[in-house]
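Colleague: Take a look at the following structure, please.
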Ligand code: ADP
Ligand code: MG
């Protein structure tokens, strides 16, 4: 009997999407298919269009060209439904500094709550779990504005985790995190993916990016390569996009990006 080949499930797909700001185009006809239940890293130089692409995939800015989320066009989702299915952690995200850490994380539960309804037992449980995961629980009564940059980032990550969405998009989530909390973030992402969540993260930390399943390499508003993290062609694409100033090596079972020091 022939094996039945089922098409791989795609969580988010984009077909020829472009984004313009004023008269300048900053994303050029990008095609993308991000695998469901997998972790994809988006990598590229500053200004490559990574944040713009992530926002377009989340429906946070207007783009031309269709985007599908979990098999349905983005525009066919109600805002509330979409906010339950897709959680977002932005780059340098602003948040009300006078809110407590607990209330900031509870904002992640808004798409689950009825109009004017108090948070449910499930909402409180999700917030506690998220704050425990990012080790921010002990600050829960403190105001967000009193925290350091890295502590604040862990609270904003908890807010995104509290949504318990099927798809989690994160833009530079490791910014300001110290090395142990960067490692914790990696373990959290692995646990989410093992539980079936689709994770998409923009990362400059290439060694972390190469722990993902797939890498999308961007330059000049375009995708220059999509491939598995373990493939040499992906490593070559990364070295190319960073002008051969880094090289990917295997070190103790991990892919590591080392700087190529060029004497001037
Ligand atoms: P990345 O996240 O890869 O660093 P971005 O997606 O933030 O890059 O930006 C891509 C390019 O688009 C950059 O050159 C940036 O200056 C430009 N850009 C982004 N947002 C705007 C905007 N609102 N107005 C004008 N240019 C913008
Ligand atoms: Mg960015």
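Residue numbers (our numbering): 34 to 297. Glycine included, each C-beta is placed from N, C-alpha and C at the ideal position.
#1: Specify, as a first and last residue, the run of the beta strand (DSSP E) that residue 260 falls within.
#2: Given residue 96, which residues of its chain have a CB within under 6 Å of its CB, disregarding the five upstream and five downstream residues?
#3: Starting from residue 288, trace the beta strand (DSSP E) in both directions and tell me its first and last residue.
#4: Counting along the chain, where does the alpha helix (DSSP H) carrying residue 231 start and finish?
#5: Can you list the alpha helix (DSSP H) stretches of 4 or more residues lying completely in the stretch 65 to 109, in chain order?
#6: Between which residues of its own chain and residue 251 is the CB-CB distance below 6 Å, once the five residues before and five after are set aside?
#7: Can you confirm whether the stretch 202 to 221 touches the stretch 140 to 157 when touching is taken to mean that 3 or more C-beta pairs between the two stretches lie within less than 8 Å?
#8: Looking only at its own chain, which residues have a Cβ that is under 6 Å from the Cβ of residue 132, when we skip the five neighbours before and after it?
#9: Rounding to the nearest angstrom, what Cα-Cα distance links residue 172 and residue 197 in this structure?
#10: Compute the beta-carbon to beta-carbon distance between residue 290 and residue 239, rounded to the nearest angstrom, for a pair I have assumed lies under 8 Å.
#11: If we ignore side chains and look at the alpha-carbon of each, how far apart do residue 123 and residue 234 end up?
#12: Mind checking residue 277: buried by the 16 CB within 10 Å criterion, or exposed?
#13: Just the Cα atoms here: how many angstroms apart are residue 119 and residue 199?
#14: For residue 148, which of helix, strand or coil comes out of DSSP?
#15: In this structure, does DSSP put residue 2 in helix, strand or coil?
#16: Please work out which residues of its chain come closer than 6 Å, Cβ to Cβ, to residue 45, disregarding the five sequence neighbours upstream and downstream, and give them in chain order.
#17: With C-beta atoms as the reference, is residue 283 less than 8 Å away from residue 72?
#18: Let me know the secondary structure DSSP gives residue 191 once reduced to three states.
#19: May I ask whether a heavy atom of ligand 1 can be found less than 7 Å away from the beta carbon of residue 92?
Modeller: In short, the structure shows the following:
#1: 255 to 261
#2: 50, 52 and 89
#3: 287 to 292
#4: That residue, residue 231, is in no alpha helix (DSSP H); its beta strand (DSSP E) goes 231 to 235.
#5: 83 to 91
#6: 77, 81, 82 and 83
#7: no
#8: 177
#9: 21 Å
#10: 4 Å
#11: 10 Å
#12: exposed
#13: 6 Å
#14: coil
#15: What the structure shows of the chain is the stretch from 34 to 297, and residue 2 is not part of that stretch, so it cannot be assessed.
#16: 67, 90 and 102
#17: no
#18: helix
#19: no
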